[in-house]
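So the sequence shown is numbered by the numbering used here: it starts at 4 and just counts up by one.
All C-beta atoms in this analysis are idealised placements derived from N, C-alpha and C, irrespective of residue type, glycine included.
Heads up: the structure comes next, in structure tokens.
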Amino acid sequence: MDKVQHEALLSSLEDAGQLEEYKQSYDGYQVGLIPKILGTFLVTCGNLVYGHEPSYGKFKAVEVIARIPYQSWEVASYMLLTMCYSNEKKAIELSKTSRFGRASQDNETMHVVVFSQLAKKYGQDGFIRHTLIPLLFSFGYAAASFILYLFSPKSALQLNYLFEDHAFAQYTRYVETHAEELRSRPILSDFLEFYGRHPKSEYEFFVSVKNDEIIHRNMSAHRADEL
Ligand SMILES: [Fe+2]
Ligand SMILES: [Fe+2]
């Protein structure tokens, strides 16, 4: 899925019925033991450092880390293509993950750029908890994602399914509990303009990010099943 397809799907998910149907198609998706262990570790670490309840600071940290697997998969796919280009079927498979990774890391980059501005605006951008820890964690996570993808792309995609499922749940909770407040807050961001999104309020922005995450979740499971 490229950016144009992603944005078209995102628009269709503004309809509550369509969103529910899309979400249900991969609710309860069964992952393997390795992704389950790693996914539980990731979510537990996040809750320990940032608390169970979502906040601007927690979203910023989540988004720093969310880009990493997509970047790793793209690099790994390109590397494997150096060896597998003569196998057309394999080249198509690798290019599909690469295309998905490219569009998704750009999307996650937009999330982290905007959330870092919001976290700063609302005083939730402590240097150690919201900048240093996510940065250091990203180095280890990049290496782990890359290695996991090389040895078991299915496990890598399934681990991301769990991460994105958690992100979607956190955004959903925040939107439900802070709807009024979010609706009253306008959002201004040069990066959003540059990316091509034009939400009028933080509410519209949060809803679009929430639905980005369900697309990432479902696409990860879909790609895992195709492998
Ligand atoms: Fe995100
Ligand atoms: Fe995501």
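Measure how close the beta-carbons of residue i and residue j come, nearest whole angstrom, since I'm counting them as under 8 angstroms.
i, j, result
"Glu111", "Ala69", "5 angstroms"
"Ala159", "Leu165", "Contact flag wrong, Cβ pair sits at about 11 angstroms."
"Ile71", "Ser148", "6 angstroms"
"Gln161", "Ala227", "5 angstroms"
"Lys213", "Val178", "6 angstroms"
"Glu66", "His114", "4 angstroms"
Looking at the structure shown, is residue i part of a helix, part of a strand, or coil, going by DSSP?
i, result
"Ser98", "helix"
"Ser192", "coil"
"Ser204", "strand"
"Asp168", "helix"
"Gly126", "coil"
"Ser155", "coil"
"Asn90", "coil"
"Asp30", "coil"
"Glu56", "coil"
"Gly199", "coil"
Considering residue i, what are the terminal residues of the alpha helix (DSSP H) in which it resides?
i, result
"Asn50", "Leu36 to Tyr53"
"Gly20", "Ala19 to Gln27"
"Thr85", "Tyr59 to Cys87"
"Leu230", "It is not in any alpha helix (DSSP H) - Leu230 carries neither H nor E in the DSSP assignment."
"His9", "Lys6 to Ser15"
"Ser186", "The sequence shown places Arg at residue 186, rather than the Ser named in the question. Looking at the DSSP string, the run of the alpha helix (DSSP H) that includes Arg186 is Ala182 to Arg186."
Going straight from the alpha carbon of residue i to that of residue j, what length do you get?
i, j, result
"Ser14", "Val7", "11 angstroms"
"Ala19", "Ser89", "45 angstroms"
"Phe142", "Val116", "19 angstroms"
"Gly126", "Lys92", "50 angstroms"
"Gly49", "Ala94", "36 angstroms"
"Glu167", "His219", "6 angstroms"
"Glu10", "Tyr206", "18 angstroms"
"Arg102", "Met4", "6 angstroms"
"Leu153", "Val52", "29 angstroms"
"Asp128", "Gly60", "6 angstroms"
"Phe140", "Val46", "13 angstroms"
"Glu229", "Lys124", "42 angstroms"
"Asp30", "Glu17", "19 angstroms"
"Thr180", "Leu191", "22 angstroms"
"Asn163", "Gly42", "8 angstroms"
Worksheet item: Quick one: any contact between the segment 159 to 179 and the segment 16 to 34, if contact means 3 or more CB pairs under 8 angstroms?
Response: yes
Worksheet item: Using 8 angstroms as the threshold, is the segment 182 to 200 in touch with the segment 133 to 142, meaning 3 or more CB pairs across them?
Response: no
Item to complete: Would you check if the segment 98 to 114 and the segment 32 to 40 touch, i.e. whether three or more CB-CB distances between them fall below 8 angstroms?
Response: no
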